[in-house]
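Colleague:
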Amino acid sequence: MHRVIADAWADVRRGTAPAALATAEAWAFGEPGAS
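Under the working numbering, think of the first position of the sequence shown as 21, with each following residue one higher.
This is the structure:
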């Protein structure tokens, strides 16, 4: 999980924040499919 969050922050720095934050939020809130 922590690696996913780190990857999301890398995306933020690359300028692709919306998708990255959606991914981080899905993991944080345990969306279906987020193993």
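Every residue, glycine too, gets a C-beta built ideally from N, C-alpha and C. This structure is a prediction, so every number in the text was calculated from the model and none was measured.
At the level of alpha carbons, what is the spacing between R33 and A42?
Modeller: The residue you call residue 33 lines up with position 13 of the sequence shown. The residue you call residue 42 lines up with position 22 of the sequence shown. Roughly 15 Å between the two C-alpha positions.
Colleague: Run the CB neighbour count on A28, radius 10 Å, all protein chains shown included, and call it buried at 16 or more, exposed below.
Modeller: Here residue 28 refers to the residue found at position 8 when the sequence shown is read from its first residue. It is buried - the Cβ of A28 has at least 16 other Cβ atoms within 10 Å.
Colleague: If you measure between the beta carbons of I25 and A44, is that distance less than 7 Å?
Modeller: Here residue 25 refers to the residue found at position 5 when the sequence shown is read from its first residue. Here residue 44 refers to the residue found at position 24 when the sequence shown is read from its first residue. Result yes, Cβ atoms of I25 and A44 sit closer than 7 Å.
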